[in-house]
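Start counting the sequence shown at 1; every next residue gets the next number (the UniProt record's numbering).
Notes follow once the structure below has been shown.
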Amino acid sequence: MWDKPTLLNWIASLLFALSVVVMLYAALFAVVHLPIFPLREVKVDGELSHVNREQVKLIVAKHLKGNFFTLDLVKARNAFEKLPWARNVSLRRRWPDTLEVVIEEHQALARWGTIALVNTHGELFHAASGSDLPVFYGPGDGVIEVASQYGEFSKILKTANLEIANLALTPRRAWEITTSDGMVVELGRIEMQPRLEKFVSVYSRTIASLNMKVTYADLRYPNGFAVRKPVLVKAEVQAKAIEDKSTDTTTIKPNVSKPSTSKPSNLKPGKTKPTDIIKQQT
């Protein structure tokens with residue numbers, strides 16, 4: 001090999017080039033790690049209602065290590081994404097000494113039972129909220145489905161001034177709504193929206209104008225629906241009449257039966273007694 005000057009020259013040139021590259025890398029590494037490029041400002045943008053200044057300051061102090069060049073953006077983004085209300089986080093360096101952070105917060109739509117919150121994208125997240133939110137129930141893979149149907153059902157019920165307090169999807173994919181005034185509405189597994197639209201139309205024109213509170217509505221009939229008569233109306237009227245007729249100081253206790261606090265049993269089409277329901281034919 002030593003008698004081949006061309007090969008020796010080629011090896012020497014390669015070693016020289018490698019040495020230059022190593023020297024340049026070492027010089028660059030030393031320069032970027034000098035304390036002459038400090039990160040002086042962290043700018044946080046986004047429509048923030050729950051992420052506060054104290055949380056940001058804590059993340060900056062604990063997780064933003066290094067200068068403008070050496071800061072690990074992946075680790076920094078992961079730190080911000082651990083905030084309970086942070087859904088998406090993006091980071092960007094801005095020369096010469098600024099880090100820009102854009103945070104997209106979760107928009108709470110409902111509660112998922114007692115374990116989590118549901119955002120407007122049908123995603124679960126764990127955070128504390130004091131807002132009065134509807135409650136969803138369903139199988140673990142049904143979060144997006146329940147959130148989507150909530151929007152459709154809410155639009156229909158809004159025309160009758162009704163709001164959803166609870167929305168449940170059973171493992172058999174049957175739907176049940178509980179309104180804010182305590183009415184339970186059974187929708188079944190098929191044609192939920194047409195059934196609900198039919199009920200709301202009749203409810204607005206007839207039932208809503210009656211001086212009574214409907215506690216249960218079964219919409220699973222093929223050509224109509226059934227509602228359960230309120231149990232407490234007669235007792236309440238009797239108590240009020242006795243109170244109005246009382247003219248002395250003697251205490252009169254009306255013979256009013258104590259209302260049951262148990263959840264009404266589900267009605268089954270074709271097996272419900274005529275005295276328990278009012279059937280609306282279409």
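Ideal Cβ placement from N, Cα and C applies to all residues, glycine included.
Note that this is a predicted model, so its numbers are computed, not measured.
In the DSSP assignment, what are the bridge partners of residue i?
| i | result |
| --- | --- |
| residue 103 | 89 |
| residue 137 | 168 |
| residue 111 | 117, 135 |
| residue 188 | 175 |
| residue 199 | Note: residue 199 sits in no beta bridge, so no partner. |
| residue 73 | BP columns for residue 73 are empty, so no partner. |
| residue 39 | Per DSSP, none; premise fails for residue 39. |
| residue 124 | 118 |
| residue 44 | 101 |
| residue 94 | 98 |
Express the C-alpha separation of residue j and residue i in angstroms, rounding to a whole number.
| i | j | result |
| --- | --- | --- |
| residue 96 | residue 39 | 8 Å |
| residue 19 | residue 104 | 47 Å |
| residue 64 | residue 132 | 36 Å |
| residue 92 | residue 98 | 9 Å |
| residue 294 | residue 53 | For residue 294 there is no data in the structure shown, the boundaries of the chain being 1 and 282. |
| residue 172 | residue 149 | 16 Å |
| residue 187 | residue 174 | 7 Å |
| residue 5 | residue 80 | 60 Å |
| residue 222 | residue 185 | 15 Å |
| residue 151 | residue 182 | 19 Å |
| residue 169 | residue 213 | 25 Å |
| residue 123 | residue 144 | 7 Å |
| residue 206 | residue 215 | 15 Å |
| residue 191 | residue 121 | 24 Å |
| residue 249 | residue 113 | In this prediction, residue 249 has a pLDDT of 40, which is less than 50 and means its spatial position is unreliable; nothing more can be read from the coordinates. |
| residue 211 | residue 228 | 14 Å |
| residue 47 | residue 204 | 39 Å |
| residue 101 | residue 76 | 10 Å |
| residue 45 | residue 78 | 17 Å |
| residue 253 | residue 49 | Low per-residue confidence applies at residue 253: pLDDT is 41, beneath 50, and the placement is therefore not dependable enough to give any value. |
| residue 22 | residue 60 | 34 Å |
| residue 17 | residue 57 | 46 Å |
| residue 224 | residue 74 | 58 Å |
Whole-angstrom Cβ separation of residue i and residue j, contact assumed at under 8 Å?
| i | j | result |
| --- | --- | --- |
| residue 283 | residue 163 | With the chain running from 1 to 282 in the structure shown, residue 283 is simply not present. |
| residue 156 | residue 193 | 7 Å |
| residue 167 | residue 146 | 6 Å |
| residue 51 | residue 86 | 6 Å |
Check each candidate in the options and name the one with the smallest Cα separation from residue i.
| i | options | result |
| --- | --- | --- |
| residue 110 | 165, 92, 84 | 165 |
| residue 208 | 182, 218, 160, 181 | 160 |
| residue 37 | 15, 94, 10 | 94 |
| residue 202 | 226, 101, 102 | 226 |
| residue 90 | 217, 218, 43 | 43 |
| residue 220 | 204, 176, 210, 22 | 176 |
| residue 218 | 189, 211, 210 | 189 |
| residue 88 | 119, 41, 115 | 119 |
**Item:** Inter-stretch contact at 8 Å, needing at least 3 Cβ pairs: the segment 131-140 / the segment 189-206
**Value:** They do not touch, by the three-pair rule.
**Request:** Evaluate contact between the segment 121-130 and the segment 64-82, counting only Cβ atoms and requiring at least three cross-stretch pairs below 8 Å.
**Result:** Too few Cβ pairs lie closer than 8 Å, so no.
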